[in-house]
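Quick note on this note's numbering: the sequence shown kicks off at 34 and runs consecutively. Beneath this line is the structure, given in structure tokens, with notes to follow.
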Amino acid sequence: MYVYKDKTAAMVVFKGIIMKQGFPSEISRDLLEKYSKPGPRYTSYPTAPVWTDEVTSLTYKSHLENLSESSNEASLYCHLPFCPSHCYFCGCNVIITTQRGPISSYIDYLMKELSMLAPYLKNKKIKQLQWGGGSPSHLSELEVKMLMDHIKDNFTFAQDPEIGIEINPEQVSESFIKTLKSVGFNRISMGIQDFDEKVQQEINRVQAYEDIKKTVDWVHSHSEVKSLNMDLIYGLPHQTREGFRETLDKVLSLDPDRLAIYHYAHVPWIKPAQRRFDEATLPSGIEKMEAFLDTVHYLDDKGYEFIGLDHFAKKDDCLSKAYQDRTMHRNFMGYTTHKGLDLFAAGVTSIGYSNCGFFQNHKKLTTYQEMIDENLFPVEKGYVLSREDLIRQDVIMRLMNQEGFIFSNIEKEWDINFKEKFHQELSELTPYVEDGFIKLSDDEIRVTPLGRFFIRNVCLPFDEYFKEQQKQKNLFSKTV
Ligand code: SF4
């Protein structure tokens, strides 16, 4: 029998699995084999394969013309897709170049797109601004200043906004970090991935600890950074449990506030660069889970809260507090304490979101530019959300971000009888109850510490589209 105890409990035993402080110390091969299957990561619901090109520039324009006044704050995302070289594991939409011309031309287009968007947001204040990529640090200092000046000229910021940027720590100079400070960035995220030299060679991302430490020291001495995040990936070629622990030790010596520790998604049919990897050198599902479990325990001991699917934050970080209070949310920019802010996105492939739906810009640079030349929002596809989608999205996001919910909270929000509406889905949860992933009572679903490692599976019954999607091959990476 599974006995759920909260994380302060010393030891719990379930089916022979010892759980220290609520987390399992190991997960059986049987459970992994049973639940390791392709499934969405639920960074959105409905998931991207459902989106359609029936959502166009005109749909987006009409959405902007009818923006809700329910919130006077918003999030803004700028996508900067350029990188000087290709990391072979990378799943992002990137443009590899060392030439300045294409970058400078792209920034002109991005600024024009932002100018087109700005009049619709004149009654909203920007609470969160994020530059992602690609590597936004591939811009010159002049380009950083020019783009930020343009944003400040066209949009109004809320008080105490979060202004974040992703940087490649190998790429930046001390002067670049000073520039980030001078234009107002207060959140920095660095891609590290792994410090093991053999792994770095294989993934084409060679960077020395000493160089990264230098960059971190500059960040601490020259910027107003309130939050420093580092990204790592587990499951890369030649990675071992021991090697990943050494990487973690080095990373912790740099004192990040937050860590994103992503599960490497091996999808060579989508990302051809991944075909370079010899699949025999990729850790198995069991090895990956062992490395991740080690990481969860180790970081817990070192004062980091496991806040979500692949994210950790220092226990006094506002995200950890939001996780504990069950007020944490997630949008395309990551975990956040701000609920319900519309996200407006600019740049090639970028994705915006509101309660109305999802809007994704063109992936192809030339099409993106041609549409802006014609004063059209460069939307390629998206999805208009129905009330049914919004209810299911609420359920899935509460499972993902708040580890469950009380049925009456969903009932109040949506004026439904939860058990009647989700009668079928609740019956499909039985295996997860039996395997100890959730506790299901008459009025609540609560995800257990073991269930957090299988959370993508637990959400599947509530996904109206997955039954059809699972008939198609190669749509999603594996859930565990
Ligand atoms: S720097 Fe980041 S975005 Fe660019 S190729 Fe490497 S992992 Fe991808």
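Where a beta carbon is used, it is the ideal one built from N, C-alpha and C, also for glycine.
> Start and end of the alpha helix (DSSP H) containing residue 460?
Replying inline: Taking the sequence shown and counting its residues from 1, one reaches residue 460 at position 427. It spans 456-461 - the alpha helix (DSSP H) in which residue 460 sits, taken as one unbroken run.
>> Quick check on residue 251: does DSSP put it in helix, strand or coil?
In response: Within the sequence shown, the letter at position 218 stands for residue 251. If DSSP states are grouped into helix, strand and coil, residue 251 belongs with the helices.
> What span of residues does the alpha helix (DSSP H) with residue 279 cover, start to end?
Replying inline: Counted from its first residue, the sequence shown places residue 279 at position 246. Counting along the chain, residue 279 sits inside the alpha helix (DSSP H) bounded by residues 274-285.
> At which residues does the alpha helix (DSSP H) containing residue 135 begin and terminate?
Replying inline: Stepping through the sequence shown from its first residue, residue 135 is reached at position 102. Per DSSP, the unbroken alpha helix (DSSP H) holding residue 135 starts and ends at 133-150.
> residue 236 lies in the alpha helix (DSSP H); which residues open and close that run?
Replying inline: Position 203 of the sequence shown holds residue 236. That run of the alpha helix (DSSP H) goes 230-236.
>> Using a 10 Å radius around the Cβ and a threshold of 16 neighbouring Cβ atoms, would you call residue 101 buried or exposed?
In response: Within the sequence shown, numbered from 1, the residue matching residue 101 stands at position 68. Residue 101 should be labelled exposed.
> Just to confirm, does residue 119 get its C-beta within under 8 Å of one of the non-hydrogen atoms of the ligand SF4?
Replying inline: Mapped onto the sequence shown, residue 119 falls at position 86. Yes, since a heavy atom of the ligand SF4 falls inside the 8 Å radius drawn around the Cβ of residue 119.
>> If I measure Cβ to Cβ from residue 148 and keep anything under 7 Å in the same chain, skipping five residues before and after, which residues do I get?
In response: Along the sequence shown, one-based indexing puts residue 148 at 115. Contacts found: 187.
> Any heavy atom of the ligand SF4 within a distance shorter than 8 Å of the CB on residue 127?
Replying inline: The residue you call residue 127 lines up with position 94 of the sequence shown. Yes, Cβ of residue 127 sits closer than 8 Å to a heavy atom of the ligand SF4.
> By how many angstroms is the C-alpha of residue 297 removed from the C-alpha of residue 82?
Replying inline: Counted from its first residue, the sequence shown places residue 82 at position 49. Counted from its first residue, the sequence shown places residue 297 at position 264. Each residue's alpha carbon lies about 20 Å from the other.
> If residue 260 and residue 220 are in contact, beta carbons under 8 Å, what's the gap, nearest whole angstrom?
Replying inline: Here residue 260 is taken as the residue at index 227 of the sequence shown, counted from 1. Here residue 220 is taken as the residue at index 187 of the sequence shown, counted from 1. About 5 Å; that satisfies the 8 Å criterion.
>> So for residue 380, helix, strand or coil by DSSP?
In response: Counted from its first residue, the sequence shown places residue 380 at position 347. If DSSP states are grouped into helix, strand and coil, residue 380 belongs with coil.
>> Considering just the uninterrupted stretch of the beta strand (DSSP E) at residue 327, what are its terminal residues?
In response: As a working mapping, residue 327 is identified with position 294 in the sequence shown. Taken as a continuous stretch (DSSP letters only), residue 327 belongs to no beta strand (DSSP E), being part of the alpha helix (DSSP H) at 318-334.
> Closer than 8 Å: is that where the CB of residue 123 sits relative to any heavy atom of the ligand SF4?
Replying inline: Here residue 123 is taken as the residue at index 90 of the sequence shown, counted from 1. Indeed, a heavy atom of the ligand SF4 lies less than 8 Å from the Cβ.
>> Taking the beta strand (DSSP E) that residue 364 belongs to, which residues open and close that run?
In response: Start at 1 with the first residue of the sequence shown, and residue 364 comes out as number 331. From DSSP, the beta strand (DSSP E) with residue 364 extends over 362-364.
> Near residue 314, what residues of its chain come up, given a Cβ to Cβ distance below 8 Å and the 5 sequence neighbours on each side ignored?
Replying inline: Residue mapping note: residue 314 aligns to position 281 of the sequence shown, counting from 1. Answer for residue 314: 235, 270 and 271, listed in chain order.
> By Cβ distance, which residues of its chain are closer than 8 Å to residue 142, with the 5 residues on each side in sequence left out?
Replying inline: Within the sequence shown, residue 142 is the residue found at index 109, counting from 1. Excluding residues within five positions, the ones whose Cβ falls inside 8 Å are 401, 402 and 405.
> Where DSSP assigns a beta bridge to residue 113, which residues make up the other side?
Replying inline: The residue you call residue 113 lines up with position 80 of the sequence shown. Per DSSP, 166.
>> I'd like to know whether the C-beta atoms of residue 495 and residue 467 end up nearer to each other than 9 Å.
In response: Here residue 495 is taken as the residue at index 462 of the sequence shown, counted from 1. Here residue 467 is taken as the residue at index 434 of the sequence shown, counted from 1. Not closer than 9 Å, so no.
> In or out: residue 489 buried (at least 16 other Cβ within 10 Å) or exposed?
Replying inline: For the purposes of this step, residue 489 is taken as residue 456 along the sequence shown, with counting starting at 1. Buried, by the Cβ-count rule.
> Does any heavy atom of the ligand SF4 sit closer than 8 Å to the C-beta of residue 522?
Replying inline: Summary: the structure shown does not reach residue 522, with the chain confined to residues 34 through 513, and so no result is reported for it.
> Is residue 78 helix, strand or coil by DSSP?
Replying inline: The residue labelled residue 78 in the question sits at position 45 within the sequence shown. Looking at residue 78 - three-state DSSP - the assignment turns out to be coil, as it is neither helix nor strand.
> Should residue 131 be labelled buried (16 or more other beta-carbon atoms within 10 Å of its own) or exposed?
Replying inline: Taking the sequence shown and counting its residues from 1, one reaches residue 131 at position 98. Answer is exposed; the Cβ neighbour count stays below 16.
> Got a sec, what are the start and stop residues for the beta strand (DSSP E) residue 442 sits in?
Replying inline: Counted from its first residue, the sequence shown places residue 442 at position 409. Element bounds for residue 442: not the beta strand (DSSP E) but the alpha helix (DSSP H), 440-447.
> Relative to the ligand SF4, is the shortest distance from any of its heavy atoms to the C-beta of residue 116 smaller than 8 Å?
Replying inline: Counting from one through the sequence shown, the residue named residue 116 turns up at place 83. Yes; taking the cut-off as 8 Å, the Cβ of residue 116 has a heavy atom of the ligand SF4 nearer than that.
>> Do residue 241 and residue 263 have their beta-carbon atoms positioned less than 9 Å apart in this structure?
In response: The residue labelled residue 263 in the question sits at position 230 within the sequence shown. The residue labelled residue 241 in the question sits at position 208 within the sequence shown. Contact flag unset, no.
>> What ranges does the alpha helix (DSSP H) occupy inside the segment 203-227, keeping only unbroken runs of at least 4 residues that lie completely in it?
In response: 207-216
> For the beta strand (DSSP E) that contains residue 307, what are its first and last residues?
Replying inline: Along the sequence shown, one-based indexing puts residue 307 at 274. First-last for residue 307: undefined, no H or E at that position.
>> Whole angstroms are fine: how far does the CA of residue 346 sit from the CA of residue 451?
In response: Position 418 of the sequence shown, counted from the start, is the residue given in the question as residue 451. Position 313 of the sequence shown, counted from the start, is the residue given in the question as residue 346. For residue 451 and residue 346, the distance between alpha carbons rounds to 33 Å.
> What separation, rounded to the nearest whole angstrom, lies between the Cα atoms of residue 226 and residue 299?
Replying inline: Position 193 of the sequence shown holds residue 226. Position 266 of the sequence shown holds residue 299. The straight-line gap from Cα to Cα measures roughly 15 Å.
> Is residue 413 near residue 396, with beta carbons less than 9 Å apart?
Replying inline: The residue you call residue 413 lines up with position 380 of the sequence shown. The residue you call residue 396 lines up with position 363 of the sequence shown. Cβ atoms of residue 413 and residue 396: closer than 9 Å.
> residue 271 by DSSP, collapsed to three states: which one?
Replying inline: Here residue 271 is taken as the residue at index 238 of the sequence shown, counted from 1. It is coil, neither helix nor strand.
>> Measuring only the C-alpha atoms, how far is residue 311 from residue 116?
In response: Walking along the sequence shown from the start, residue 311 turns up at place 278. Walking along the sequence shown from the start, residue 116 turns up at place 83. Looking at the two C-alpha atoms, the distance is approximately 24 Å.
>> Quick check: does the Cβ of residue 77 come within less than 8 Å of any heavy atom belonging to the ligand SF4?
In response: The sequence position of residue 77 within the sequence shown is 44, counting from 1. Result no, Cβ not under 8 Å from the ligand SF4.
> Measuring CB to CB, does residue 390 end up less than 9 Å from residue 428?
Replying inline: Within the sequence shown, residue 390 is the residue found at index 357, counting from 1. Within the sequence shown, residue 428 is the residue found at index 395, counting from 1. No; because the gap between Cβ atoms is not below 9 Å, this pair is not in contact.
> In whole angstroms, what separates the C-alpha of residue 268 from that of residue 152?
Replying inline: Numbered from 1 along the sequence shown, position 235 holds the residue referred to as residue 268. Numbered from 1 along the sequence shown, position 119 holds the residue referred to as residue 152. Cα to Cα, the separation comes out at about 45 Å.
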